[in-house]
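Input: a single structure, listed below in structure tokens.
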Amino acid sequence: MSEEVEDHRLFNDSDNEPFSSVLTRRLSRRDVMRGGMGVAAATMLAGFGLTGCNDDDRDVSVGDDDDTAPALALAFQAVAGSRTDAVVVPSGYTAQVLIPWGTPIDASAPAWTMSQHMTPAIQASSVGMNHDGMYHFPLADDTASRDFVLAMNNEYINQGPLWAPQGGPTAPEDNDGRRPVDEVRTEINAHGVTLVRLRKDDDAHWAPVMDANYNRRITGHTPCRLSGPVAGSPYVVTAYSNGGTATRGTMNNCACGYTPWGTYLTCEENWPNLFMKSDDRDPDDDRLGIWTDDTIYHWQTAAGTADEDSGEFARFDATPSADAATGDYRNEPKTYGYVVEINPYDNTARPVKRTALGRFRHEGCWPGKLVEGEPVVFYTGHDSRNEYIYKYVSDAVWDSNHENRAGANTDRLAVGDLYMDAGTLYVARFNADGSGDWLALTPDAMTKSGDQTLAAALGLAANDQAGVIINTADAADLLGATPMDRPEWGTVDPVSGDVYMSLTNNSDRTAADTQPSFTGDGTSIDNPGVGYASAPVNAANPRPDNEYGQVIRWRESDAKDNTFAWDIFVFGGAPEIDDNLSGLTEANQFASPDGLWYDDRGDGNGILWIETDNGGNRVAEDTNDQVLAVVPKAVSLADGDAAVIDPADQAQLKRFTVGPNGCEITGIFATPDKSALFINIQHPGNWPSMSDDATAVTNDTVRPRASTVVIQKSDGGPIAV
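144 is the number that our numbering gives to position 144 of the sequence shown; each next residue is one higher, with no gaps.
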């Protein structure tokens with residue numbers, strides 16, 4: 001997530017005990033805090049994942065499977081840190097630039113030039129801006145690793161590069177108080193999702209294929225269907241959809257996911273800054289951060305122009321202007337904040353917003369371990385400071401016949417209706433003993449105080465599940481969920497079911513017993529229990545002013561009782577800092593873990609890939625953002641040791657790729673045969689060069705373009721091993 005669209009405000013004023021405080025108490029139980037966290041790091045981390053001394057004798061072990069197959073070994077030579085306008089890969093590897101922003105995906109768009117002036121039509125037929133999460137969808141089993149449909153998020157826009165030929169965007173004050181209509185439409189079209197067919201030739205070179213059956217853009221204008229509990233409710237009635245069943249567009253799509261039936265999941269993250277609401281604000285407007293007097297790109301200023309289509313610009317101002325919701329866009333923001341399902345094989349199918357999975361700033365959505373005859377599970381996180389981790393469990397149990405029916409002529413979104421529209425949404429509470437609880441977000445759930453139902457506490461009717469979903473974050477506050485250090489990407493080991501999630505950083509986390517509390521208007525007071533101006537440390541978020549982040553891992557209980565066991569797999573850090581809790585060295589130091597992907601290699605082995613999104617920390621002085629690899633099974637194999645990274649494991653965590661100056665590395669997957677790793681380079685400073693060699697250093701000043709990069713071994717073998 002770029003700092004350009006990140007909202008640094010705190011919206012969680014609950015007094016729920018945050019993750020960092022839980023972790024501090026957990027460490028104290030093991031007496032590893034006596035010499036300071038830096039000194040005790042190895043002891044502390046070795047203890048994670050072992051059976052804790054719990055008051056209730058629950059088994060909270062993680063990562064200690066009895067598996068006699070040998071651990072996979074990473075065979076590449078780790079790369080050094082880099083601060084150049086180029087992608088760096090290991091010796092014996094190549095990196096190709098693929099589908100940069102502005103690449104045509106159908107014949108109506110002109111070939112890209114450095115002086116290209118973008119129009120609404122050109123941008124609607126070209127790859128969008130700022131590539132983020134992505135996934136691949138094969139067209140045939142025998143060609144799955146060389147011919148597939150790529151679905152990729154285009155998270156947000158950089159107005160400088162977008163409008164470079166004219167010297168930048170036109171400000172409202174320079175155009176009679178309005179943004180020009182064509183500029184606004186172009187910017188909306190640069191958001192969303194790109195679907196494009198990619199093919200590898202016999203020389204291992206990849207290229208987009210102009211295929212009208214699959215290639216398309218889904219933008220901020222694209223009609224979408226609302227589905228699940230919120231669909232058809234009064235909360236989403238607008239002038240566009242009086243029945244509350246439809247909306248327009250999906251934007252600020254960050255990470256992603258996929259379903260077992262072959263559809264793409266794109267997730268709406270920093271969408272609140274697109275909307276404003278000057279008065280008559282609802283609680284969810286403030287809880288999620290809808291702006292008050294303006295919007296980030298001022299799109300609402302184009303409202304009322306002669307060629308505006310059905311309130312396409314007016315909808316970004318949610319201030320009530322009519323007698324009823326059917327006449328204005330007061331509810332338009334409530335049609336955003338969802339996981340959106342897309343059928344990549346049918347370019348006529350409308351995207352579906354799956355409201356049952358909650359409404360907030362979704363980072364991504366990842367399927368859990370799939371088991372025949374058991375519910376389908378998805379995990380998702382709210383990427384904002386001191387927010388929560390969620391799990392959705394379907395009412396319907398998995399039947400592989402649904403997957404088998406998902407052929408070329410199958411309505412895959414109808415399968416999605418079965419599994420994603422009816423189920424239970426849970427939020428996580430992390431306990432200091434290494435256990436955790438999933439708390440059901442249902443109207444009849446009891447709040448943490450135990451004196452009223454969730455519906456009553458939210459002021460809803462007794463059975464109003466739609467209202468609970470609209471107010472997901474408020475509901476999680478009331479249940480006592482654990483505030484986390486910005487939950488970002490997740491990934492799941494499909495064999496063990498272990499879930500990994502990156503907690504990227506949190507500048508608003510304070511040391512234990514030092515946090516000020518505050519009232520709803522932000523006034524600092526001395527009354528603890530009203531809320532935290534910044535959450536204190538806890539077990540899963542142990543560091544105040546957390547610049548470096550960590551990757552957490554949990555496993556569901558075999559008892560199916562909505563409990564889980566957790567540990568921290570690795571802490572970000574640098575050799576020079578006091579709380580380098582995983583003992584990282586100059587060779588593998590990292591900060592702000594972001595993208596994750598578990599690359600299953602069979603025999604209980606897999607590679608956990610970690611992408612980073614550095615801020616202004618010590619690591620950023622030595623290297624640009626990067627991709628690291630580690631085989632969890634190879635970590636901490638001593639008897640009785642938990643599989644978490646400590647100072648003895650430095651050889652297991654290896655830097656694989658470094659990106660160009662100014663970029664974030666995000667989006668990741670490998671082809672089924674593991675011969676190619678795809679990543680995205682977002683918001684580079686001066687890259688790529690005119691060559692499609694991603695490793696070529698840019699020597700001249702260029703118009704920067706986010707791009708996909710495909711990394712392959714020169715000999716065509718599987719990557720990393």
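Ideal Cβ placement from N, Cα and C applies to all residues, glycine included.
Kindly confirm or deny that the stretch 175–192 and the stretch 123–131 touch, where touching means at least three C-beta pairs closer than 8 Å. yes
Taking 8 Å as the cut-off, decide whether the C-beta atoms of E341 and L226 are in contact. no
Here's the rule: buried if 16 or more other CB atoms are within 10 angstroms of the residue's CB, otherwise exposed. What is T113? exposed
On the DSSP bridge assignment, give the partners of A670 in chain order. L677
Here's the rule I'm using: 16 or more other beta-carbon atoms within 10 Å means buried, otherwise exposed. How should T523 be labelled? Here T523 scores only 38 on pLDDT, less than 50, and its place in the model should not be relied on; the value that follows carries that caveat. Counting Cβ neighbours within 10 Å, T523 comes out exposed, since fewer than 16 surround it.
According to the neighbour-count rule (16 or more other Cβ atoms, all chains shown, within 10 Å of its Cβ), is G606 buried or exposed? buried
Whose C-beta lies closer than 7 Å to the C-beta of L74 among residues of the same chain, with five residues either side of it excluded? A629, V631, K654, A720 and V721
Based on the DSSP secondary-structure assignment, which residues constitute the bridge partners of H117? BP columns for H117 are empty, so no partner.
Under a three-way DSSP split, which group does T740 fall into? Residue numbering for the chain in the displayed model covers 1 to 721; residue 740 lies beyond these limits and cannot be assessed.
What span of residues does the alpha helix (DSSP H) with S412 cover, start to end? Correcting the residue identity first, residue 412 is Arg in this sequence and not Ser. Segment R412 to M420, the alpha helix (DSSP H) holding R412.
CB-CB under 8 Å to T453, same chain, minus the five flanking residues each way: which ones, in chain order? P443, D444, A445, M446, T447 and A462
Would DSSP call V236 helix, strand or coil? helix
Following the continuous beta strand (DSSP E) through Q626, name the residue where it begins and the one where it ends. Q626 to V630
Contact set for P169: own chain, Cβ-Cβ below 7 Å, skip 5 residues either direction: Q159, W163 and E183
Below 8 Å CB to CB, which residues in the same chain sit around S172 once its five sequence neighbours on both sides are set aside? For the record, residue 172 in the displayed sequence is Pro; it is not Ser. Excluding positions up to five away in sequence, the list reads R178, R179, H298 and T301.
Those residues which DSSP pairs with N154 across a bridge: H131 and G192
Our contact map puts P229 next to A356 with C-beta atoms below 8 Å; I'd like the distance itself, whole angstroms only. 6 Å
First and last residue of the uninterrupted beta strand (DSSP E) at I218: R216 to I218
Strand pairing of L458, partner residues [DSSP]: None, per the DSSP bridge assignment.
Comparing alpha-carbon positions, which option in V702, V551 and N538 lies nearest W609? V551
Out of curiosity, what's the CA-to-CA distance linking R83 and D284? 42 Å
What span of residues does the alpha helix (DSSP H) with V468 cover, start to end? Q465 to I470
Using 8 Å as the threshold, is the stretch 319–335 in touch with the stretch 239–253, meaning 3 or more CB pairs across them? yes
Give the straight-line distance between the Cα atoms of F590 and T708, rounded to the nearest whole angstrom. 22 Å
Separation of A303 from Q712, as counted between CA atoms: 48 Å
Hey, is the stretch 249–264 in contact with the stretch 352–367, meaning 3+ C-beta pairs nearer than 8 Å? yes
Status (buried if at least 16 other CB within 10 Å, exposed otherwise) for V427: buried
Under 8 Å, do V495 and G604 count as touching if we go by C-beta distance? yes
Which residue wins for smallest C-alpha separation from D485, given the options M501, F316 and G659? M501
Take A204 and list the residues in its own chain whose beta-carbon comes closer than 7 Å to its own, dropping the five residues that flank it on each side. Q712 and G716
Whole-angstrom C-beta distance between E664 and D625, which should lie under 8 Å: 5 Å
Run through DSSP, which three-state label would N253 get? strand
If we ignore side chains and look at the alpha-carbon of each, how far apart do T763 and P272 end up? Residue numbering for the chain in the displayed model covers 1 to 721; residue 763 lies beyond these limits and cannot be assessed.
On the DSSP bridge list, what partners appear for K353? L226 and V340
Alpha carbon of T563 to alpha carbon of T491, nearest angstrom: 19 Å
According to DSSP, Q712 sits in a beta bridge with which residue or residues? T94 and A676
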